[in-house]
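Chemist: Dumping the structure here so I can ask a few things about it.
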Amino acid sequence: MNNLLGRLLSSILGSSKAWWVEIKTSQPACTYYFGPFDSESEAHSAKGGYVEDLEQEGAQNIQLVVSLCSPPKQLTITDEWDTPVGEFATPALSGQP
């Protein structure tokens, strides 16, 4: 109940900060954001699963930070793809006249 009350007060007062897990990898060269979490301990509890998934996918040099911050504009940031994650390229042949 405290989390619901805290979120309600935050939305009324304009505070949009929450706990986020930021993970950077060198291969692939990406920054991933996971969250939002209501508390620092909740974010720390979840981080192991994210690291494990990235390790299974072959990510290298994984660096992790848990921080209280505003929501990121993108959840995955990389220079390796032409289209940022969360955006879709317009298909060349969409079937539309």
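For the sequence shown, the positions run 1095 to 1191 when this note's numbering is used.
Glycine is no exception: its CB is placed at the ideal position from the N, C-alpha and C atoms.
1. Alpha carbons only, please: which of Pro-1122, Ala-1112, Ser-1120 and Gln-1121 is nearest the one belonging to Phe-1128?
2. Taking the C-alpha atoms as reference points, what is the distance between Pro-1166 and Gln-1150?
3. Within a Cβ cutoff of 8 Å, which residues of the same chain sit near Leu-1131, ignoring the five residues on either side of it in sequence?
4. Which of the three DSSP states is assigned to Lys-1167 in this structure?
5. Along the alpha helix (DSSP H) that carries Gly-1142, what are the first and last residues, could you check?
6. Count the other CB atoms within 10 Å of the CB of Val-1159; is the residue buried (16 or more) or exposed (fewer)?
7. My assumption, with CB atoms under 8 Å, is that Gln-1121 sits in contact with Gln-1168. Please give the rounded CB distance.
8. Going by DSSP in three states, Ala-1153 sits in which element: helix, strand or coil?
Modeler: Looking at the coordinates:
1. By 1-based counting over the sequence shown, the position of residue 1128 is 34. The candidate whose alpha carbon is nearest that of Phe-1128 is Ala-1112.
2. Taking the first residue of the sequence shown as 1, we reach residue 1166 at position 72. Taking the first residue of the sequence shown as 1, we reach residue 1150 at position 56. Computed Cα separation, rounded: 25 Å.
3. Taking the first residue of the sequence shown as position 1, residue 1131 is located at position 37. Checking the sequence, you will find Phe at residue 1131 rather than Leu. Answer for Phe-1131: Ala-1112, Trp-1113, Trp-1114, Val-1115, Ala-1137 and Ala-1140, listed in chain order.
4. The residue given as residue 1167 occupies position 73 in the sequence shown. DSSP places Lys-1167 in coil when its eight states are reduced to three.
5. Taking the first residue of the sequence shown as 1, we reach residue 1142 at position 48. Taken as a continuous stretch (DSSP letters only), the alpha helix (DSSP H) holding Gly-1142 covers 1134-1150.
6. As a working note, residue 1159 is residue 65 in the sequence shown. The residue in question, Val-1159, is exposed, as its Cβ has fewer than 16 Cβ neighbours within 10 Å.
7. Working through the sequence shown from its first residue, we reach residue 1121 at position 27. Working through the sequence shown from its first residue, we reach residue 1168 at position 74. About 20 Å; that fails the 8 Å criterion.
8. As a position in the sequence shown, residue 1153 is number 59, starting the count at 1. Coil at Ala-1153, not helix or strand.
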